[in-house]
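Peer 1: Just dropping this structure here.
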Amino acid sequence: MANTEAHGRGNWNSTLGFVLAAAGSAVGLGNIWGFPSQVADNGGAIFILIYLICCFAIGLPVMIAELTIGRHTKKNPVGAFRMLGKGPLAPLIGVWGLICGVMILAFYLVVSGWTLAYVIEEILYYFGHRDLAAVVGNLEHGTKNAIFSVLFMLATITIITGGISNGIEKATKMLMPVLIGLLLIMIFYVLTLEGAMDGVRVYLMPDFSELNTGVVLSAMGQAFFSLSLGMGALITYGSYISKNQNIVQSATYVTLADIGIAFLAGFLIIPAMYVALSSGIDILDAEGNLVRGTQLVFIVLPEMFHNMGGLGLVAGVAFFTLLSLAALTSTISLLEVPVSYAIDEHRITRRKAAWGIGGGIAVLSVIVSYNINLIDVLVSVFNEIGLPLGGLMICIFLGYFWKTENALLEISKGYENVGESSFGAIWSFFIRYICPLLIGLVFISTIYSMLPWFG
Ligand code: PHE
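Reminder that position 310 of the sequence shown reads as 325 in this note's numbering, one-by-one numbering, no gaps.
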């Protein structure tokens, strides 16, 4: 106990607490903002199909791998790879995760700030303060973006300083049910509105002509991002799990919850766009494609809410509160990774680590606030490439250096005889061969398609 205190490490109180916290990390802007926009941009249901393959064939095995590494080592990603690997290179996998996490959090805070700002924008607009509403809703207003990003970081730091069971677990246990409730109410409401069914049709109709390597790369990046994989967030969360917990079962719950909420969010966002269309709002660009994701959530939807009077106020405030809550449970896990690193490796107190590192990342987010074009660049480098690259390294490390037999031994503490089960054999095969192969193939075909002489 004294040791635990000195390291500032904690534990989840219960399996449910862990599953909700991990699902809270997974369910975020990636589900409610990212997924529906990606579906709209990338050929509807064809994207959903590839996405599901990525989640089950790559995401779930990697999630089990991360949780197992975390629980076995009881360490942050850098410390975990240092402990399990022999050479000086192993910890670099953790360092890469740390870098990706910090850079992702830098832009994630800005988008989270937009969601928070729009809760206020909806209220200001309804009560007639149109000019102020326009400022608060302006996505390109640097100072306004900076203020809301920093506010978001303050909320994140406050929860993180509370620790694992008292801070993160308590907060997510409260926030997740509210989030799911709000989402369901909004879907039922939107589906009753005129035009909604056109959206449902577009959502569920695959357009095979859109299929290309870019779509596959996006789907894989989206799967890693949405499941919080490839950067050690789940190694960190795994390090607080108790030994008798069944990692495979918990990982399956988290994956299903994440996919389920992304799929549900599609039933809200895409039909809502067609409701907007039927009330005369333009949702197509000059070439006849649906407008890009960001405009969709932050321009088209608010316009629809504005046209709906008092009901629009309630719906708008509920929707953006929902987004803010989902984002908050994810920023918590993004910040927890470098914080746990500082606590474990540099013996800094949780409070100091949270304020110091959180403050540093807040400064980065202020830079992004003034240069929102950076968001696209950061998404491409750290999310679409960085996370799958991290996942690839985790699979290779676990499969060929730490060895799947050792991992199965760790998993068996909460799942008897997994080493002899067919599940154990399948999982090992996926970690050693299928996942690296699939991730590698997507990378190679993307590079290939980018080379000018191959057109
Ligand atoms: N999964 C979160 C989302 O969907 C984002 C995230 C990525 C959180 C990586 C933690 C680690 O929004």
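Don't be surprised by glycine CBs; every beta carbon is placed ideally from N, CA and C.
For the segment 54 to 74 against the segment 209 to 225, do three or more pairs of beta-carbon atoms, one drawn from each stretch, fall closer than 8 Å, so that the two count as touching?
Peer 2: Cβ pair count under 8 Å is three or more, so yes.
Peer 1: Between which two residues does the alpha helix (DSSP H) holding residue 450 run?
Peer 2: Note, residue 450: alpha helix (DSSP H), 450 to 465.
Peer 1: Going along the chain, which residues of its own chain have a beta-carbon closer than 7 Å to the beta-carbon of residue 321, five neighbours each way excluded?
Peer 2: Here the set comprises 140, 327.
Peer 1: Where does residue 414 fall in DSSP's three states?
Peer 2: Reduced to three states, the DSSP call for residue 414 is helix.
Peer 1: Cβ of residue 46 within 6 Å of any heavy atom in the ligand PHE?
Peer 2: Yes, Cβ of residue 46 sits closer than 6 Å to a heavy atom of the ligand PHE.
Peer 1: Report the rounded CA-to-CA distance for residue 44 versus residue 104, giving the unit in angstroms.
Peer 2: Cα to Cα, the separation comes out at about 33 Å.
Peer 1: Does the Cβ of residue 348 lie closer than 6 Å to at least one heavy atom of the ligand PHE?
Peer 2: Because some heavy atom of the ligand PHE lies under 6 Å away, the Cβ of residue 348 counts as near it: yes.
Peer 1: When every heavy atom of the ligand PHE is checked, does at least one fall within less than 6 Å of the C-beta of residue 43?
Peer 2: At least one heavy atom of the ligand PHE is nearer than 6 Å to the Cβ of residue 43, so yes.
Peer 1: When burial is assigned at 16 or more other CB atoms within 10 Å of the CB, is residue 259 buried or exposed?
Peer 2: That one is exposed.
Peer 1: Return helix, strand or coil for residue 299, following the three-state DSSP convention.
Peer 2: Of the three classes helix, strand and coil, the one that applies to residue 299 here is strand, per DSSP.
Peer 1: Here's a check: name, in chain order, each residue in its chain whose Cβ is nearer than 7 Å to the Cβ of residue 318, leaving out the five neighbours to either side.
Peer 2: So the qualifying residues of the chain are 291, 296.
Peer 1: What are the uninterrupted segments assigned as alpha helix (DSSP H) that are 4 or more residues long and contained completely in the segment 197 to 282, given in chain order?
Peer 2: Within the segment 197 to 282, the complete alpha helix (DSSP H) runs of at least 4 residues are 211 to 219, 228 to 241, 248 to 253.
Peer 1: DSSP puts residue 59 in a beta bridge; with which residues?
Peer 2: Note: residue 59 sits in a beta bridge opposite 221.
Peer 1: Is it the case that the Cβ atoms of residue 125 and residue 164 are separated by a distance below 7 Å?
Peer 2: A contact, by the Cβ cut-off of 7 Å.
Peer 1: I need the straight-line Cα distance from residue 175 to residue 338, nearest angstrom please.
Peer 2: Looking at the two C-alpha atoms, the distance is approximately 20 Å.
Peer 1: Among residues of its own chain, excluding the 5 on either side of residue 21, which ones have a beta-carbon nearer than 6 Å to its beta-carbon?
Peer 2: For residue 21, the predicted model reports a pLDDT of 37, less than 50, meaning its position is unreliable and no value from the coordinates is stated.
Peer 1: Within 10 angstroms of the Cβ of residue 429, are there 16 or more other Cβ atoms? Answer buried if so, exposed if not.
Peer 2: Looking at its Cβ environment, which holds 16 or more other Cβ atoms inside 10 Å, residue 429 is buried.
Peer 1: Just to confirm my understanding: we take residue 201, look at its own chain, exclude 5 residues before and 5 after, and list those with CB closer than 8 Å. What are they?
Peer 2: Result list for residue 201: 283, 330, 333, 334, 337, in chain order.
Peer 1: Of the choices 214, 245, 123, 262, whose alpha-carbon is the least far from that of residue 280?
Peer 2: The option with the nearest alpha carbon to residue 280 is 214.
Peer 1: Please report the residue range of the alpha helix (DSSP H) in which residue 168 lies.
Peer 2: Segment 157 to 176, the alpha helix (DSSP H) holding residue 168.
Peer 1: Taking the CB atoms as reference points, tell me whether residue 118 and residue 445 lie closer together than 7 Å.
Peer 2: Taking 7 Å as the Cβ cut-off, residue 118 and residue 445 do not qualify as a contacting pair.
Peer 1: Within 10 angstroms of the Cβ of residue 378, are there 16 or more other Cβ atoms? Answer buried if so, exposed if not.
Peer 2: Its Cβ having fewer than 16 others within 10 Å, residue 378 is exposed.
Peer 1: Does the segment 367 to 381 come within contact of the segment 156 to 170, defined as at least 3 CB pairs closer than 8 Å?
Peer 2: Taking 8 Å as the limit for Cβ pairs, the verdict is that the segment 156 to 170 does touch the segment 367 to 381.
Peer 1: Assign residue 130 to one of three DSSP states: helix, strand, or coil.
Peer 2: Looking at residue 130 - three-state DSSP - the assignment turns out to be helix.
Peer 1: Are the beta-carbon atoms belonging to residue 190 and residue 346 less than 7 Å from one another?
Peer 2: Taking 7 Å as the Cβ cut-off, residue 190 and residue 346 do not qualify as a contacting pair.
Peer 1: With 16 other CB atoms within 10 Å as the buried threshold, where does residue 364 fall?
Peer 2: Exposed, by the Cβ-count rule.
Peer 1: DSSP state of residue 524, grouped into three classes?
Peer 2: Because the chain in this structure spans residues 16 to 470, residue 524 falls outside the shown range and cannot be described.
Peer 1: Have a look at 448, 38, 324, 53 and flag the residue whose alpha-carbon is nearest the alpha-carbon of residue 312.
Peer 2: The shortest C-alpha separation from residue 312 is found at 53.
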